[in-house]
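Q: For any residue, its number in this note's numbering is found by taking its place in the sequence shown, counting from 1, and adding 546. Using N, Cα and C, we set each Cβ at its ideal position, and we do this for glycine too. Pasting a structure below so you can have a look.
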Amino acid sequence: MIDTRTTRSLEEKISTLESLIGNTPLFEIQNVFQKPGVKIYAKLEWQQLSGSVKARAAFQIIKQAIKTQQLTEDVTLIDASSGNTAIAYAALGAALGIRVKIFLPKNASTERKRLLAAYGAEVQFTSPFGSTDEAQDEAKKAFQENPHRYFYADQYNNENNWRAHYLTTGNEIFSQTLGTLTHFVCGVGTSGTFTGTARRLQERNPEIKLISLHPDTALHGLEGWKDLQTAKIPGIYDADLAHQTISIESSEAIDLIKEVARKEGLLLSPSSAANLAGAIKVAHQLEEGVVVTVFPDSAERYSEIISELFNS
């Protein structure tokens, strides 16, 4: 029998965290791209609890699991992640007093591993060659073997992933641009950010164009992105949403990091720079319009790339 006093305690705790999730600022790109009649904006998603866009999905997944009593203080949350969602789970778990276990590819960045350790999450490393696809299989297997011990968050197939962005990100973007945005551009990993935001924006204004970004090859360097030609397709992915799909090379994203730092004063992660590269491609096609993208995280978790870029 579930102790309802414990459940209420968790509900009270999570309600105090809600103000720390979302409501991120919209940043105008003014120097890297300039074209009369066309503007580019980006959501600075690192400015929320746990430091990345994944705070939104992790919070919604945990909130609903607590509400439905799937997640209690006696149950461990488990999931597979390449890093940012894992850190979001770990940070929220620490604040709520919930145990978190992450199945993480061994080649995840050193910064991610250190942050997970700092938040007290248990980490089980999976093969560096199997990507998050193998990590998902391992997490699912662990849950199936001990269903009463674990809550399997399953971010790739959990409807609360995209719903988090439907409820927050899409509305924020529409309000912050005063409804003037014409294009939404975003990379695809679990696809939660693109799917949820796109669905909400389409409801607010069916004329808004939705552009999904994908890596140009399976062996790419864009953390969190998926090559859907070769990787396991997330269950929440909606292939019919995008009006246009654009491929982004890892090298063009990396090159853009240095330029944005020098001209805009932002240190972007590779995936944030890739989103900007896609937004610029779209903006170049326009005579007028407002293009909005998302910066999932900053360069804080990519010290090796930044060191190489700025010491060369």
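Between which two residues does the beta strand (DSSP E) holding residue 755 run?
A: One-based indexing of the sequence shown puts residue 755 at position 209. Taken as a continuous stretch (DSSP letters only), the beta strand (DSSP E) holding residue 755 covers 755-761.
Q: Could you name the residues of the same chain whose beta carbon sits closer than 8 Å to that of residue 547, not counting the 5 residues immediately before and after it, in chain order?
A: Translated into the one-based positions of the sequence shown, residue 547 becomes position 1. Confidence at residue 547 is low in this model, with a pLDDT of 43, below 50, so its placement is unreliable and the value that follows should be read with caution. Excluding residues within five positions, none has a Cβ falling inside 8 Å.
Q: Under three-state DSSP, which class holds residue 801?
A: Locating residue 801 in the sequence shown gives position 255, where the first residue counts as 1. Helix at residue 801.
Q: Locate the alpha helix (DSSP H) running through residue 698, then write down its first and last residues.
A: Taking the first residue of the sequence shown as position 1, residue 698 is located at position 152. Residue 698 -> not in any alpha helix (DSSP H); beta strand (DSSP E) instead, spanning 696-698.
Q: Would DSSP call residue 563 helix, strand or coil?
A: If you number the sequence shown from 1, residue 563 lands on position 17. In this structure, residue 563 counts as helix in the three-state DSSP scheme.
Q: Please state whether DSSP places residue 688 in a helix, a strand or coil.
A: What you label residue 688 is simply residue 142 of the sequence shown in a count that begins at 1. Residue 688: helix per DSSP, three-state reduction.
Q: With a 10 Å radius around its C-beta and 16 neighbouring C-beta atoms as the bar for buried, classify residue 742 as buried or exposed.
A: Start at 1 with the first residue of the sequence shown, and residue 742 comes out as number 196. The residue is buried, with at least 16 neighbouring Cβ atoms inside 10 Å.
Q: How many Å lie between residue 559 and residue 601 at the Cα?
A: Counting from 1 along the sequence shown, the entry for residue 559 is found at position 13. Counting from 1 along the sequence shown, the entry for residue 601 is found at position 55. Cα-Cα distance, rounded: 16 Å.
Q: Contact between the stretch 680-698 and the stretch 576-591: three or more CB pairs below 8 Å?
A: The stretch 680-698, when compared against the stretch 576-591, does not touch it at the 8 Å Cβ threshold.
Q: Go to residue 716, then tell me how far its alpha helix (DSSP H) extends in each direction, as first and last residue.
A: For the purposes of this step, residue 716 is taken as the residue at position 170 of the sequence shown. From DSSP, the alpha helix (DSSP H) with residue 716 extends over 715-722.
Q: Does chain C have any CB closer than 8 Å to the CB of residue 675?
A: In summary, chain C is missing from the structure at hand, where a single protein chain is found.
Q: Excluding the 5 residues flanking residue 700 on each side, which residues of the same chain have their C-beta closer than 7 Å to its C-beta?
A: Position 154 of the sequence shown, counting from 1, holds the residue named residue 700. Taken in chain order, the residues that qualify are 625.
Q: According to DSSP, simplified to helix, strand and coil, what is residue 644?
A: Residue numbering aside, residue 644 sits at position 98 when the sequence shown is read from its first letter. DSSP places residue 644 in coil when its eight states are reduced to three.
Q: Hey, how far is the Cα of residue 692 from the Cα of residue 698?
A: Residue 692 sits at position 146 when you count from the first residue of the sequence shown. Residue 698 sits at position 152 when you count from the first residue of the sequence shown. C-alpha separation (whole angstroms): 10 Å.
Q: Kindly indicate which residue of 782, 584, 616 has the alpha-carbon position closest to the one of residue 706.
A: Counting from 1 along the sequence shown, the entry for residue 706 is found at position 160. Taking only the C-alpha atoms, the option nearest residue 706 is 782.
Q: How about residue 823 and residue 802: do their beta carbons lie closer than 8 Å?
A: Indexing the sequence shown from 1 puts residue 823 at position 277. Indexing the sequence shown from 1 puts residue 802 at position 256. Yes. Within cutoff.
Q: Quickly, what does DSSP pair residue 738 with across the bridge? List them, please.
A: The residue labelled residue 738 in the question sits at position 192 within the sequence shown. According to DSSP, residue 738 bridges with nothing at all.
Q: By the three-class DSSP mapping on this structure, what secondary structure does residue 599 have?
A: The residue labelled residue 599 in the question sits at position 53 within the sequence shown. In the structure shown, residue 599 sits in coil (DSSP, three-state: anything other than H, G, I, E or B).
Q: Take residue 617 and list the residues in its own chain whose beta-carbon comes closer than 8 Å to its own, dropping the five residues that flank it on each side.
A: For the purposes of this step, residue 617 is identified with residue 71 of the sequence shown, where counting begins at 1. For residue 617, where only same-chain residues beyond five positions count, the Cβ hits under 8 Å are 556, 608, 611, 623, 644, 697.
Q: Let me check understanding here. Comparing Cα to Cα, which of 563, 817, 746 lies closest to residue 759?
A: As a working note, residue 759 is residue 213 in the sequence shown. When each option's Cα is compared against that of residue 759, the closest is 817.
Q: Kindly indicate which residue of 571, 568, 563, 575 has the alpha-carbon position closest to the one of residue 809.
A: In the sequence shown, residue 809 corresponds to position 263, counting from 1. With distances taken between Cα atoms, residue 809 lies closest to 575.
Q: Return the Cβ separation of residue 629 and residue 667 in integer angstroms, given the expectation that the two are a contact with Cβ distance under 8 Å.
A: The residue you call residue 629 lines up with position 83 of the sequence shown. The residue you call residue 667 lines up with position 121 of the sequence shown. That pair is no contact at about 12 Å.
Q: Thinking C-beta only, is residue 845 closer than 8 Å to residue 820?
A: As a working note, residue 820 is residue 274 in the sequence shown. As a working note, residue 845 is residue 299 in the sequence shown. The answer is no: Cβ separation not under 8 Å.
Q: For residue 594, count neighbouring C-beta atoms within 10 Å of its own C-beta (all shown protein chains included) and say buried if the count is 16 or more, exposed if not.
A: Along the sequence shown, read from residue 1 onward, the residue named residue 594 stands at position 48. By the 10 Å Cβ count, residue 594 comes out buried.
Q: Candidates 757, 841, 606: which alpha carbon is nearest residue 812's?
A: The residue you call residue 812 lines up with position 266 of the sequence shown. Selected option, being the one with the closest Cα: 841.
Q: If you run the structure through DSSP and keep just helix, strand and coil, what is residue 632?
A: Numbered from its first residue, the sequence shown carries residue 632 at position 86. Note: residue 632 maps to helix in three-state DSSP.
Q: If residue 726 and residue 836 are in contact, beta carbons under 8 Å, what's the gap, nearest whole angstrom?
A: Within the sequence shown, numbered from 1, the residue matching residue 726 stands at position 180. Within the sequence shown, numbered from 1, the residue matching residue 836 stands at position 290. Going by Cβ atoms, the distance from residue 726 to residue 836 rounds to 5 Å, so yes, they are a contact pair.
Q: On the CB-based measure, 16 or more other CB atoms within 10 Å of its CB, does residue 606 come out buried or exposed?
A: As a working note, residue 606 is residue 60 in the sequence shown. Buried, because 16 or more other Cβ atoms sit within 10 Å of the Cβ of residue 606.
Q: Could you tell me the distance, in whole angstroms, from the CA atom of residue 831 to the CA atom of residue 851?
A: If you number the sequence shown from 1, residue 831 lands on position 285. If you number the sequence shown from 1, residue 851 lands on position 305. So the two alpha carbons sit approximately 30 Å from each other.
Q: Measuring straight from C-alpha to C-alpha, what distance separates residue 689 and residue 589?
A: To locate residue 689, count along the sequence shown from 1; it is residue 143. To locate residue 589, count along the sequence shown from 1; it is residue 43. Roughly 35 Å between the two C-alpha positions.
Q: Quick check on DSSP: helix, strand or coil for residue 611?
A: Looking up residue 611 in the sequence shown gives position 65. Of the three classes helix, strand and coil, the one that applies to residue 611 here is helix, per DSSP.
Q: Going by beta carbon distance, what residues of the same chain come within less than 6 Å of residue 647, once the five residues before and after it are set aside?
A: Position 101 of the sequence shown, counting from 1, holds the residue named residue 647. Result list for residue 647: 622, 624, 668, in chain order.
Q: Going by C-alpha distance, which of 815, 839, 833, 641 is nearest residue 847?
A: Position 301 of the sequence shown holds residue 847. Per the Cα distances, 815.
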